[in-house]
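> The opening residue of the sequence shown carries number 272 in this note's numbering; numbering runs sequentially from there.
Cβ coordinates follow ideal geometry from the N, Cα and C atoms, glycine included.
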Amino acid sequence: MTSVQDHDAAELKALAERHLWGHFTTMGTADDASRTIDRGDGCYVWDARGNRYLDGLAGLFVSQVGHGRTEIAEAMARQAEQLHYFPLWTYTHPTAIELAAKVASLAPGDLNRVFFTTGGSEAVESAWKLARQYFKLVGQPERHKVISRYLAYHGTTMGALSITGLAAIKAPFEPLVPGTAKAANTNRYRCHLCGHADACTLACATDIEQMILREGPETVAAVFVEPVQNAGGCFVPPPGYLEAVREVCDRYGVLMVSDEVICAFGRLGAWFGAERYCYQPDIITMAKGLTSGYAPLGAMVVSDRIAEPFVGTGDAFLHGLTFAGHPVSCAAALANLEIMAREDLPGRVRAHEDEFRSALEELGDLPIVGEVRGAGYFYGIELVRDQATKASFSAEESNHLLRNFLSN
């Protein structure tokens with residue numbers, strides 16, 4: 272295996288600049304070798320020069336159990352020796368079966384059917400496609416639209432990107448898939464719907480209802496929400512909000528999809544955010560923490576009601592991915608979930624989240640800090656130019672902060 276020992280840091284930097292196309296990365300701007308991460312152990316990673324960093328973002332909200340868990344690597348190696356690959360197209364294999372049963376046992380309510388993907392974007396894409404085909408099978412083919420929320424990130428494949436509420440990352444690829452609309456998010460810090468009242472009126476949930484009515488309830492297939500919205504900075508749902516969204520969906524016959532690609536598997540102090548916030552979605556999408564990043568894998572878990580039209584009817588869900596439910600990835604997930612259960616990681620998050628929040632709130636005295644918000648071990652700190660006016664930094668100022676201060 273090639274490592275830093277085979278290439279010095281300068282050579283790695285040169286090879287990367289010549290051959291590697293980074294994701295969401297402006298090429299030709301890497302000014303040192305610190306961006307080349309060579310190894311990890313626990314909550315730390317080391318760059319090509321040997322500098323150690325706290326992996327505060329857990330990769331990309333991925334490494335739930337930390338780096339260097341040898342038992343996961345060993346489980347993957349055993350699986351690769353026995354069966355390194357076989358598809359789930361009309362066939363199956365033991366690790367996919369075992370993992371599907373495990374995920375279903377952890378999911379709330381009657382979410383009992385698991386469809387594997389290779390990651391989060393594909394899980395969201397699959398959920399939208401499933402909602403569309405489901406309504407065709409139950410005699411409501413006009414239902415095809417999705418309501419999501421402003422600033423919400425749901426992925427980068429064309430369907431998932433269309434659901435995403437971030438204009439800047441959508442613009443280069445427009446026109447996108449038609450049939451999406453955006454409603455208010457739960458950004459209490461900048462809320463304009465409640466008239467800045469002290470008590471939340473759940474007007475943000477009402478806004479979803481108004482958007483369904485505006486689009487035509489008979490055309491809307493699903494509402495996509497994250498339990499805690501990542502993009503924008505950890506927007507926590509006000510009490511009763513997600514239950515209210517569930518009621519709105521039921522009122523108009525719309526499916527509720529809980530996008531938990533980030534929030535699932537302990538990050539909020541529960542196996543799923545739907546469990547923590549006491550609502551029952553029709554579909555949950557997941558990825559990231561499912562394997563703690565030891566191998567690529569995503570999934571959606573679906574209610575019995577949504578699966579019913581596909582069972583014993585001759586109608587297949589006409590969707591699939593070559594590497595979805597890969598045997599080695601499923602083995603990694605099973606080992607990962609075993610560690611999480613044995614060490615009670617969700618429970619430990621709940622037990623210590625108040626301490627974590629208190630530590631972060633000590634930063635609130637800094638004039639640059641507007642608000643600290645989040646849940647579990649999933650927190651954001653909104654930085655502002657002025658606390659009194661809540662004025663944001665410009666794009667240029669934000670870039671300067673990120674590159675010259677927060678990244679060092």
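1. Report the option in 636, 450, 548, 575 whose CA atom is closest to the CA atom of residue 535.
2. Can you check whether the CB of residue 418 is closer than 7 Å to the CB of residue 565?
3. Assuming residue 492 and residue 406 make a contact with CB atoms under 8 Å, what is their CB distance in whole Å?
4. Quick one: Cα of residue 421 to Cα of residue 544, how far?
5. Put residue 353 into one of helix, strand or coil per three-state DSSP.
6. Suppose the cutoff is 7 Å on Cβ atoms and the five residues either side in sequence are ignored; what does the same chain contact list for residue 457 look like?
7. Note the first and the last residue of the continuous alpha helix (DSSP H) segment covering residue 610.
8. In three-state DSSP terms, what is residue 639?
9. Once the 5 residues before and after residue 271 are set aside, which same chain residues still bring their CB inside 7 Å of it?
10. Under the rule that 16 or more other beta-carbon atoms within 10 Å means buried, what is residue 478, buried or exposed?
11. By the three-class DSSP mapping on this structure, what secondary structure does residue 233 have?
12. Is it right to say residue 424 is buried, meaning 16 or more other beta carbons lie within 10 angstroms of its own, or is it exposed?
13. In this structure, does DSSP put residue 618 in helix, strand or coil?
14. Spatial neighbours of residue 322 within its chain, please: C-beta separation below 6 Å, excluding the five flanking residues on both sides.
15. Whole angstroms are fine: how far does the CA of residue 319 sit from the CA of residue 275?
16. Just to check my reading of the structure: residue 379 and residue 546 have Cβ atoms closer than 8 Å, yes? What is that Cβ distance to the nearest angstrom?
17. Quick check for students: name the residue ranges of the alpha helix (DSSP H) that lie wholly in the stretch 526 to 570, counting only runs of 4 or more.
18. Can at least three beta-carbon pairs, one atom from the stretch 594 to 610 and one from the stretch 346 to 355, be found at a separation below 8 Å?
19. I'd like the span of the beta strand (DSSP E) that includes residue 420, first residue to last.
20. If contacts are defined as beta-carbon pairs under 8 Å, then residue 647 and residue 540 qualify, I think. What distance do you get, rounded to the angstrom?
21. Could you pull the start and end residues of the beta strand (DSSP E) that residue 331 belongs to?
22. Beta-carbon within less than 7 Å of residue 382's beta-carbon, same chain only, minus the 5 sequence neighbours each way: which residues are those?
23. Below 8 Å on the Cβ atoms is my contact criterion, and I expect residue 519 with residue 480 to pass it. Report the Cβ-Cβ distance as a whole number of Å.
24. In terms of residues, what are the limits of the alpha helix (DSSP H) holding residue 317?
25. Are there 16 or more other CB atoms within 10 angstroms of the CB of residue 272, so buried, or fewer, so exposed?
26. Taking all protein chains shown into account, decide if residue 438 is buried (16 or more other Cβ within 10 angstroms of its Cβ) or exposed.
27. With the cut-off set at 7 Å, would you say residue 337 and residue 313 are in Cβ contact?
28. In the DSSP assignment, the alpha helix (DSSP H) including residue 247 goes from what residue to what residue?
29. Please tell me whether residue 538 and residue 627 are closer than 7 Å, where the distance is taken between their beta carbons.
30. In whole angstroms, give me the CA-to-CA distance for residue 524 and residue 486.
31. Excluding five sequence neighbours on each side, which residues of the same chain lie with their C-beta closer than 8 Å to the C-beta of residue 403?
32. Tell me the DSSP secondary structure of residue 323 in three-state form.
33. Figure out for me which residue from 444, 515, 579, 450 has the closest Cα to the Cα of residue 472.
34. DSSP three-state label for residue 700, please.
35. Secondary structure at residue 430, three-state DSSP: helix, strand or coil?
Taking the coordinates as given:
1. Measuring from the Cα of residue 535, the nearest candidate turns out to be 548.
2. Going by C-beta atoms, residue 565 is not nearer than 7 Å to residue 418.
3. Indeed they touch by this definition, with Cβ atoms about 6 Å apart.
4. Here the C-alpha atom of residue 421 lies approximately 20 Å from the C-alpha atom of residue 544.
5. When secondary structure is reduced to three states using DSSP, residue 353 falls in the helix class.
6. Cβ within range, chain order: 475, 500, 506, 507, 508, 509, 512.
7. In the DSSP assignment, residue 610 falls within the alpha helix (DSSP H) that extends over 598 to 613.
8. Coil at residue 639, not helix or strand.
9. No statement about residue 271 is possible, as the shown extent of the chain runs from 272 to 679 and does not include it.
10. Residue environment analysis places residue 478 among the buried positions, since at least 16 neighbouring C-beta atoms fall within 10 angstroms of its C-beta.
11. Nothing about residue 233 can be reported from this structure: the residues present for the chain run from 272 to 679 only.
12. By the neighbour-count criterion, in which 16 or more other beta carbons inside 10 Å mark a residue as buried, residue 424 falls on the buried side.
13. DSSP places residue 618 in helix when its eight states are reduced to three.
14. Excluding positions up to five away in sequence, the list is empty.
15. The predicted model places residue 275 with a pLDDT of 49, which falls under 50 and marks its position as unreliable, so this point remains unresolved.
16. Correct: roughly 5 Å between the Cβ atoms.
17. You should have 544 to 547.
18. Contact check between the stretch 594 to 610 and the stretch 346 to 355: three or more CB pairs, one atom from each, fall below 8 Å, which counts as touching.
19. For residue 420, the enclosing beta strand (DSSP E) starts and ends at 416 to 420.
20. Right, their Cβ atoms sit about 4 Å apart.
21. Membership of residue 331 in any beta strand (DSSP E) is not indicated; the residue belongs instead to the alpha helix (DSSP H) covering 329 to 332.
22. Here the set comprises 375, 555, 572, 573, 574.
23. Indeed, because the Cβ distance is near 5 Å, the residues count as touching under 8 Å.
24. From DSSP, residue 317 is part of no alpha helix (DSSP H) but of the beta strand (DSSP E) over 315 to 318.
25. The predicted position of residue 272 is uncertain, since its pLDDT is 48 and thus under 50; no value can be drawn from it.
26. Exposed is the label assigned to residue 438, since fewer than 16 other Cβ atoms lie within 10 Å of its Cβ.
27. With respect to residue 313, residue 337 sits close: the two C-beta atoms are nearer than 7 Å.
28. Because the chain is modelled from 272 through 679, residue 247 falls outside the range shown and cannot be assessed.
29. No.
30. Roughly 14 Å between the two C-alpha positions.
31. 414, 415, 492, listed in sequence order.
32. In the three-state scheme derived from DSSP, where H, G and I count as helix and E and B as strand, residue 323 is classed as strand.
33. Residue 472 has its Cα closest to that of 515, out of 444, 515, 579, 450.
34. With the chain covering only 272 through 679, there is no way to say anything about residue 700.
35. Note: residue 430 maps to helix in three-state DSSP.
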